[in-house]
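Asks: As they're listed, the protein sequences go chains A and B. Residue numbering for the first sequence follows this note's numbering, starting at 4 and increasing by one per position. Residue numbering for the second sequence follows this note's numbering, starting at 118 and increasing by one per position. Backbone N, C-alpha and C fix where the C-beta goes; we use that ideal spot for every residue, glycine too. Keep in mind that this is a model prediction, so the values were computed, not measured. Dropping the structure in here first, questions after.
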Amino acid sequence: MRFCSVVHRYRSVVALDHVDLEVARGETLALLGPNGAGKSTAISILLGLQRAQEGTISVLGTDPRAAMVSGKVGAMLQVGGGSGLPYGVKVGDLVAMTARLYRHPADVARTLARAGLTGLADRQTQRLSGGQAQRVRFALAIAGNPELVFLDEPTVAMDVEGRRSFWAMMRGFAGEGRTVVFATHHLDEADAVADRIVVLRKGAVVANGAASTIKATVATRRLRFVSEGADPARLREFDGVDAASVRGSEVVLDSLDADATVRSLVASGMPFSDLEVTGADLEQAFVALTCDLANVQTVDDAISNRLRDTRSETAA
Amino acid sequence: MTGLGAFLRFEVLRLLRNPRYVAITLGFPVVFYSLFLHSLQPAVHLAGTTWNTYFMVSMASFGAVVAALNAGGTRLAAERASGWTRQLSVTPLPTWSYIATKIAASMVIALPVICVVEMTGLLIGGVRLGLETWLLLTAVLWAGTLPFVVLGVLVGFVASSETAYPLVTALMFLLSFFGGLFTPVGDMPTVLRHVAAFLPSYHGASLGWAVVAGRAPALRDAGVLCVYALALGLAVNWRHRAEESRAFA
């Protein structure tokens, strides 16, 4: 699946600004970004629900609508307030009918089992809970035995347990060599499930790589140590320090150059113990990537420099 | 297209398995026929036939209108609200097939309703017609159902899931009453007679009244129905497109 220099605007709002994406067969890709970043727009273009105003798109070697009609693509869309299902039908019948719309459908019983719906096959759709309805929508997305599946925020409104079992289900499905593209704003989901993460911000790709690469994108390192009576003002003088906080005897420094900060710390003669240096976690990376760091010019510059590097690497 | 067949079957079964829908579409015309059959002498001559036969045609038309409006309007509005229509748009089904299948399913379901009212006429009303007349009557009434089927779909697109049901009910009774399905048009005040002449419900039933009176169905009636079906169809198409382009804006 390839998505080249796609631009899409809603009146004056640019939803996608020269976005490039490429997904290899068998890959699980997460589109990560805050609301309004362009995730749903990208997915609806890839599904052929919308036409991009600029750029070229190829899905399974053809255009999005043709790929959909060929029956090799499945999708689970966001449904707003509704259940996304018709009423007055049993879950099993609905999944069976959907399977028949595809040329090479999956076995209905297997689809139901896979989505955790075996016990609910005789349940009427209007009597499902929100989480159950979501599982039915997942079953509909995979009923046609698709090679490529798009999931737009599939676990929105699910509780922790529901999300956990959903992704267990999803991993089993992706494990069969299928390609999965999902949008989410849950970092832990992207981190745990995706082979690769594309971070979107205001319609542009700001990061693209494995979770570990993205974490490394952000220069910030966090130093923690114990020191009695440390003075925050003095800590901020250390090389590389961007922010310092002191709580009792615990000191936390965010540094753009951890090595230099440690050297300053040692040179200052300040007594300290239990020094610990950690990289930014995905959450910090995500916040750094998707927020306007207007007041922290140095961090912003550092991040954009690093991003330029990553992007030229990806392009190469 | 096996997919389309499966979808049509699914839609028809879903209607048949809805007890409220079946009770309304069969119950209303059958009960009204049985109740009002004796409001006149069943054998009274009227418009080239007798009251029992004339009123059977009226109630068969009414049943078809009820079946068509309820099948389209209420459910379509609910399915738009639930997001099912969007889910269908990401299956291999062609984009036109949702509306086409709704129309086909409503047509399929209207036929047995017409037949049940005819059976009621035969069994309770003592209606006696030749086999050919029965068949022709069924055919013209069924064909005349099309504008109402399309109207039902249009209501489903225009109304929300809350307003669709009252709107369908209002249309159903207004069209039937002013179209002369409850009171013969000939007995209506002049003003209402002019109103009836504009309504598809009057022209749909007129096809059937002509057949039972031994006349050929009037081209004028068929023409009016075609114009209604076409105009409503264009409106549906327009609303459908507006909806598609608005879905993401």
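Taking C-beta pairs closer than 8 Å, name the residues in chain A that PHE274 (chain B) reaches, listed in chain order.
Replies: As a first step, residue 274 (chain B) is located in the second sequence; it is residue number 157 there, counting from the start. Per Cβ cutoff of 8 Å: no residues; PHE274 (chain B) is ~16 Å from chain A at best.
Asks: What number of angstroms, rounded off, separates the C-alpha of VAL26 (chain A) from the C-alpha of ARG203 (chain B)?
Replies: Taking the first residue of the first sequence as 1, we reach residue 26 (chain A) at position 23. Taking the first residue of the second sequence as 1, we reach residue 203 (chain B) at position 86. Cα to Cα, VAL26 (chain A) sits roughly 25 Å from ARG203 (chain B).
Asks: Less than 8 Å between the C-beta atoms of SER258 (chain A) and VAL229 (chain A), yes or no?
Replies: Here residue 258 (chain A) is taken as the residue at index 255 of the first sequence, counted from 1. Here residue 229 (chain A) is taken as the residue at index 226 of the first sequence, counted from 1. No.
Asks: Compare the C-beta of THR182 (chain A) with all C-beta atoms of chain B and state if any pair is closer than 8 Å.
Replies: Counted from its first residue, the first sequence places residue 182 (chain A) at position 179. No, THR182 (chain A) lies away from the interface with chain B (no Cβ there is under 8 Å from its Cβ).
Asks: DSSP three-state label for ILE241 (chain B), please.
Replies: Numbered from its first residue, the second sequence carries residue 241 (chain B) at position 124. Residue state, collapsed to three classes: coil.
Asks: Do you know offhand how far TYR105 (chain A)'s Cα is from LEU97 (chain A)'s?
Replies: Residue numbering aside, residue 105 (chain A) sits at position 102 when the first sequence is read from its first letter. Residue numbering aside, residue 97 (chain A) sits at position 94 when the first sequence is read from its first letter. When rounded, the distance between both Cα atoms is 14 Å.
Asks: Mind listing which residues of the stretch 164-181 of chain A have their C-beta closer than 7 Å to chain E's C-betas, in chain order?
Replies: In summary, chain E is missing from the structure at hand, where the protein chains are A and B.
Asks: Mind reading off the beta-carbon distance from VAL244 (chain B) to THR170 (chain B)? Whole number of angstroms is fine, and I expect it under 8 Å.
Replies: Locating residue 244 (chain B) in the second sequence gives position 127, counting from the first residue. Locating residue 170 (chain B) in the second sequence gives position 53, counting from the first residue. About 5 Å separates the two Cβ atoms, so the contact holds.
Asks: Given that GLY74 (chain A) touches chain B, what residues does it touch there, using C-beta distances under 7 Å?
Replies: What you label residue 74 (chain A) is simply residue 71 of the first sequence in a count that begins at 1. What GLY74 (chain A) touches in chain B: PRO209.
Asks: Short of 7 Å in beta carbon distance, which residues of its chain neighbour ALA194 (chain B), apart from the five on each side in sequence? Order them along the chain.
Replies: Working through the second sequence from its first residue, we reach residue 194 (chain B) at position 77. Excluding positions up to five away in sequence, the list reads GLY273, ALA276, SER277, SER278 and ALA281.
Asks: Check whether the stretch 128-141 of chain B touches the stretch 218-238 of chain B, taking contact to mean three or more Cβ pairs, one atom from each stretch, closer than 8 Å.
Replies: At 8 Å Cβ cutoff, the stretches touch.
Asks: Check the Cβ of THR343 (chain A) against every Cβ in chain B and list those closer than 8 Å, keeping chain order.
Replies: Outside the shown range of chain A, which is 4 to 319, sits residue 343 (chain A), and nothing can be said about it.
Asks: Of all the options A:ASP23, A:LYS42 and A:GLU279, which has the alpha carbon lying nearest to the alpha carbon of THR187 (chain A)?
Replies: Sequence index remark: in the first sequence, residue 187 (chain A) carries index 184 (1-based). When only C-alpha atoms are compared, the closest one is A:LYS42.
Asks: Check whether the Cβ of VAL82 (chain A) lies closer than 8 Å to any Cβ atom in chain B.
Replies: Locating residue 82 (chain A) in the first sequence gives position 79, counting from the first residue. VAL82 (chain A) counts as touching chain B.
Asks: So which of B:ASN187, B:LEU288, B:GLY180 and B:VAL266 has the shortest CA-CA distance to THR237 (chain B)?
Replies: Position 120 of the second sequence, counted from the start, is the residue given in the question as residue 237 (chain B). Comparing Cα positions, the closest option is B:GLY180.
Asks: Hey, does ARG358 (chain B) have any beta-carbon neighbour from chain A nearer than 8 Å?
Replies: Locating residue 358 (chain B) in the second sequence gives position 241, counting from the first residue. So no, ARG358 (chain B) is outside the interface.
Asks: Counting only runs that start and end within the stretch 139-166 of chain B, where is the alpha helix (DSSP H) found for 4 or more residues in a row?
Replies: List check, alpha helix (DSSP H) in window: nothing returned.
Asks: Hey, how far is the Cα of ALA177 (chain A) from the Cα of VAL184 (chain A)?
Replies: Counting from one through the first sequence, the residue named residue 177 (chain A) turns up at place 174. Counting from one through the first sequence, the residue named residue 184 (chain A) turns up at place 181. So the alpha carbons of these two residues sit roughly 10 Å apart.
Asks: On the DSSP letters alone, give me the boundaries of the beta strand (DSSP E) that VAL92 (chain A) sits inside.
Replies: Position 89 of the first sequence, counted from the first residue, corresponds to residue 92 (chain A). Premise fails: VAL92 (chain A) is in no beta strand (DSSP E) and is neither H nor E.
Asks: Give the secondary structure of GLY273 (chain B) by DSSP, where H, G and I count as helix, E and B as strand, and everything else as coil.
Replies: Translated into the one-based positions of the second sequence, residue 273 (chain B) becomes position 156. Helix at GLY273 (chain B).
Asks: Helix, strand or coil: which one does DSSP assign to GLY120 (chain B)?
Replies: Start at 1 with the first residue of the second sequence, and residue 120 (chain B) comes out as number 3. In this structure, GLY120 (chain B) counts as helix in the three-state DSSP scheme.
Asks: Could you work out which residue in B:LEU316, B:ILE216 and B:VAL329 is closest to TRP251 (chain B) when comparing CA atoms only?
Replies: Counting from one through the second sequence, the residue named residue 251 (chain B) turns up at place 134. Of the candidates B:LEU316, B:ILE216 and B:VAL329, the one whose C-alpha sits nearest the C-alpha of TRP251 (chain B) is B:VAL329.
Asks: Based on the DSSP output, what are the partners of ASN169 (chain B) in its beta bridges?
Replies: Counted from its first residue, the second sequence places residue 169 (chain B) at position 52. Note: ASN169 (chain B) sits in no beta bridge, so no partner.
Asks: Could I get the ranges of all uninterrupted beta strand (DSSP E) runs contained in the stretch 230-290 of chain A, with 3 residues as the minimum, in chain order?
Replies: 244-250, 253-258 and 276-282, all fully within the stretch 230-290 of chain A.
Asks: Determine the direct distance from the alpha carbon of TYR215 (chain B) to that of ARG358 (chain B), and round the result to whole angstroms.
Replies: For the purposes of this step, residue 358 (chain B) is taken as the residue at position 241 of the second sequence. For the purposes of this step, residue 215 (chain B) is taken as the residue at position 98 of the second sequence. The alpha-carbon atoms of ARG358 (chain B) and TYR215 (chain B) are separated by roughly 13 Å.
Asks: Whose C-alpha, out of B:ASP338, B:HIS311, B:VAL257 and B:GLY122, is nearest the C-alpha of ALA99 (chain A)?
Replies: Working through the first sequence from its first residue, we reach residue 99 (chain A) at position 96. Ranking B:ASP338, B:HIS311, B:VAL257 and B:GLY122 by Cα distance to ALA99 (chain A) puts B:GLY122 first.
Asks: Between the C-alpha atoms of GLY261 (chain B) and ALA339 (chain B), what's the straight-line distance to the nearest angstrom?
Replies: Along the second sequence, one-based indexing puts residue 261 (chain B) at 144. Along the second sequence, one-based indexing puts residue 339 (chain B) at 222. Cα to Cα, the separation comes out at about 8 Å.
Asks: Taking buried to mean at least 16 other C-beta atoms within 10 Å of its own C-beta, is ARG113 (chain A) buried or exposed?
Replies: Position 110 of the first sequence holds residue 113 (chain A). Exposed, since its Cβ has fewer than 16 Cβ neighbours within 10 Å.
Asks: List the residues of chain B that ALA78 (chain A) touches, going by C-beta distances under 7 Å, in chain order.
Replies: Position 75 of the first sequence, counted from the start, is the residue given in the question as residue 78 (chain A). What ALA78 (chain A) touches in chain B: VAL207.
Asks: Please confirm whether LEU88 (chain A) has its beta-carbon closer than 8 Å to some beta-carbon of chain B.
Replies: The count along the first sequence starts at 1 and reaches residue 88 (chain A) at position 85. Cβ-Cβ to chain B under 8 Å: yes for LEU88 (chain A).
Asks: Given that ARG130 (chain A) touches chain B, what residues does it touch there, using C-beta distances under 9 Å?
Replies: Taking the first residue of the first sequence as 1, we reach residue 130 (chain A) at position 127. Result: empty, since nearest Cβ-Cβ is about 14 Å, beyond 9 Å.
Asks: Please report whether the beta-carbon of SER277 (chain B) lies at a distance below 8 Å from any beta-carbon of chain A.
Replies: Translated into positions along the second sequence, residue 277 (chain B) becomes position 160. Cβ-Cβ to chain A under 8 Å: no for SER277 (chain B).
Asks: TYR345 (chain B): which of B:HIS320, B:PHE124 and B:TRP355 sits nearest, CA to CA?
Replies: Here residue 345 (chain B) refers to the residue found at position 228 when the second sequence is read from its first residue. It is B:HIS320.
Asks: Leaving out the 5 sequence neighbours to the left and right, which residues in its chain are closer than 6 Å to VAL161 (chain B) when beta-carbon positions are compared?
Replies: By 1-based counting over the second sequence, the position of residue 161 (chain B) is 44. Taken in chain order, the residues that qualify are TRP168.
Asks: Which word fits GLN158 (chain B), buried or exposed, when buried means at least 16 other C-beta atoms lie within 10 angstroms of its C-beta?
Replies: Counted from its first residue, the second sequence places residue 158 (chain B) at position 41. GLN158 (chain B) is exposed by the Cβ-count criterion.
Asks: What three-state label does DSSP hand THR65 (chain A) in the structure shown?
Replies: To locate residue 65 (chain A), count along the first sequence from 1; it is residue 62. Strand.
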